[in-house]
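According to my numbering, numbering within the sequence shown proceeds without interruption in unit steps and concludes at 402.
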Amino acid sequence: MHELIEKLCSGAELTQSEWLRVLDERRGADDEELFARARAVREKYYGREIFTRGLIEFTNYCKNDCRYCGIRRSSAAVHRYRLTEEEILSCCESGYALGFRTFVLQGGEDPYWTDARLVPLIEQMRRRWPDCAITLSLGERSRESYEKLYAAGANRYLLRHETADAEHYRLLHPPEMSFANRRRCLRDLKDIGYQVGAGFMVGSPGQTNLCLAKDMVFLQELKPHMVGIGPFIPQHDTPFAKEKAGTAELTLFLLALIRLMLPRVLLPATTALGTIDPRGREKGILAGANVVMPNLSPVNVRGDYQLYDNKICTGEEAAECRGCLERRIASVGCTLSQSRGDFLER
Numbered sequence: 057m058h059e060l061i062e063k064l065c066s067g068a069e070l071t072q073s074e075w076l077r078v079l080d081e082r083r084g085a086d087d088e089e090l091f092a093r094a095r096a097v098r099e100k101y102y103g104r105e106i107f108t109r110g111l112i113e114f115t116n117y118c119k120n121d122c123r124y125c126g127i128r129r130s131s132a133a134v135h136r137y138r139l140t141e142e143e144i145l146s147c148c149e150s151g152y153a154l155g156f157r158t159f160v161l162q163g164g165e166d167p168y169w170t171d172a173r174l175v176p177l178i179e180q181m182r183r184r185w186p187d188c189a190i191t192l193s194l195g196e197r198s199r200e201s202y203e204k205l206y207a208a209g210a211n212r213y214l215l216r217h218e219t220a221d222a223e224h225y226r227l228l229h230p231p232e233m234s235f236a237n238r239r240r241c242l243r244d245l246k247d248i249g250y251q252v253g254a255g256f257m258v259g260s261p262g263q264t265n266l267c268l269a270k271d272m273v274f275l276q277e278l279k280p281h282m283v284g285i286g287p288f289i290p291q292h293d294t295p296f297a298k299e300k301a302g303t304a305e306l307t308l309f310l311l312a313l314i315r316l317m318l319p320r321v322l323l324p325a326t327t328a329l330g331t332i333d334p335r336g337r338e339k340g341i342l343a344g345a346n347v348v349m350p351n352l353s354p355v356n357v358r359g360d361y362q363l364y365d366n367k368i369c370t371g372e373e374a375a376e377c378r379g380c381l382e383r384r385i386a387s388v389g390c391t392l393s394q395s396r397g398d399f400l401e402r
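Next up, the structure:
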């Protein structure tokens, strides 16, 4: 495996069979050396600054029925909500005062939020906070829709591909969804000009090392600006309720590999990682991550956006959440940045 890591560090791409070998031959004893190399690459491009994204979970309605997701369409136990435009703008206002310069509008695939509603909201955000990045995470839409939202002022789009193995994709998703369409969306977004984020769950039901090797090849080819990965965590009201969770250890290993493969990538230490391990986000930073995404949503709705069980930070006000993160990030020798934290082209 070591010669393949060296090959990766030299800027060369690995084949699917080589990625599979890296995964099959992984020995936990070597992880710390890998993490140190990933940190060095991150610091070469971004120093020790960790970028923040203010997350606004503005709707938990979703038309999809993904088998792993706590806000899936068929879940009758979910208390549904939609933030109003005024509530969303209020989240941005308080976030801006706390130093956030990226806002992330994240929600289920909610048919209520048409282009006719989203475009004026994004335009207003762009006018009021012209120095901020606006990131959308709204799932699969048409190219025409993506173009309208981009023209309105959105800069970035997060759309995790979830798995690059078509058969595994069918296991995780309802029949009407396909990896081919997810891939089409990601390529459309990149072609339009968004900074694009992809990613996957680690340890999802049915995932094998071959699936993960295909994920790495897909990311290598797509070259997204952001990659979000986190451990699969079961949610009690889904078909995967009794499935085994993914591990922090494998997630951290993959974070480090992604940093070496895509040196300039914006790489979050996710909330899911912090949920499965009390120091998961700090460990993510030590494995090469450089983004955290604290929650700006109103506290009264956070408990209703439960994609998985035991999600952390559902009861903290935004200021508390940021203060906690500042201390956590400082404990691993880094600082929270107040910049937009854009992807470095070169």
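Where is the CB? At the ideal position from N, CA and C, for every residue including glycine.
With a CB to CB cut of under 6 Å and the five nearest residues on each side skipped, what residues in its chain are close to residue i?
i	result
I406	Since the first residue shown for the chain is 57 and the last is 402, residue 406 is missing from the structure and cannot be characterised.
G336	A304, L329, G330
P261	F296, E299
L363	C125, G126
D171	S201, K204
E113	Q162, S353, Y361
S131	D293
Only counting the same chain, and skipping five residues up and downstream in sequence, which positions put a Cβ closer than 7 Å to that of residue i?
i	result
I190	F159, I178, M181, R182, G209, A210, N211
E338	R384, S387, V388
C40	Outside the shown range of the chain (57 to 402) lies residue 40, about which nothing can therefore be said.
C148	F159, M181, W185
For residue i, which three-state DSSP category applies?
i	result
G110	strand
Q394	coil
G389	coil
R214	For the sequence presented, residue 214 should be read as Leu rather than Arg. Looking at L214 - three-state DSSP - the assignment turns out to be strand.
V175	helix
N351	strand
F156	coil
A220	coil
E105	strand
M257	strand
A132	coil
S150	helix
S193	strand
R138	strand
Q180	helix
L161	strand
Q251	strand
For residue i versus residue j, is the C-beta distance shorter than 8 Å?
i	j	result
A312	Q72	no
R315	R98	yes
V258	L242	no
S193	L352	no
G155	Q291	no
L400	R320	yes
I341	T307	no
F235	Y225	yes
P378	R157	According to the sequence provided, residue 378 is Arg. The question's Pro does not apply to it. Not in contact: R378 and R157 (Cβ atoms no closer than 8 Å).
A254	L278	yes
T294	R136	no
G195	L215	yes
F309	D87	yes
W169	T115	yes
E69	Q276	yes
E373	V355	yes
H281	L323	no
Q263	T219	yes
Here's a check: name, in chain order, each residue in its chain whose Cβ is nearer than 8 Å to the Cβ of residue i, leaving out the five neighbours to either side.
i	result
L79	N265, L268, A269
I248	R199, Y202, E203, Y206
L111	V160, Q162, M349, P350, N351, L352, S353
D365	G126, I289, P290, Q291, H292
K246	V252, L278, P280
Considering only residues of the segment 261–331, which uninterrupted beta strand (DSSP E) runs meet the minimum length of 3 residues and lie entirely inside it, listed in chain order?
You should have 282–287.
Pairing CB atoms from the segment 132–141 with CB atoms from the segment 90–97, are three or more of them under 8 Å?
The segment 132–141 is not in contact with the segment 90–97.
With three or more beta-carbon pairs closer than 8 Å as the criterion, would you say the segment 104–123 touches the segment 158–177?
A contact exists between the segment 104–123 and the segment 158–177.
Between the segment 290–306 and the segment 272–279, can you find at least three pairs of beta-carbon atoms closer than 8 Å?
By the Cβ rule, the segment 272–279 does not count as touching the segment 290–306, because fewer than three pairs are nearer than 8 Å.
Count the C-beta pairs between the segment 345–365 and the segment 106–116 that are closer than 8 Å, then say yes if the count reaches three, no if not.
Touching, yes, given that three or more Cβ pairs across the two stretches are closer than 8 Å.
Runs of beta strand (DSSP E) lying entirely within the segment 81–105, each at least 3 residues, in chain order:
Complete beta strand (DSSP E) runs here, min 3: none at all.
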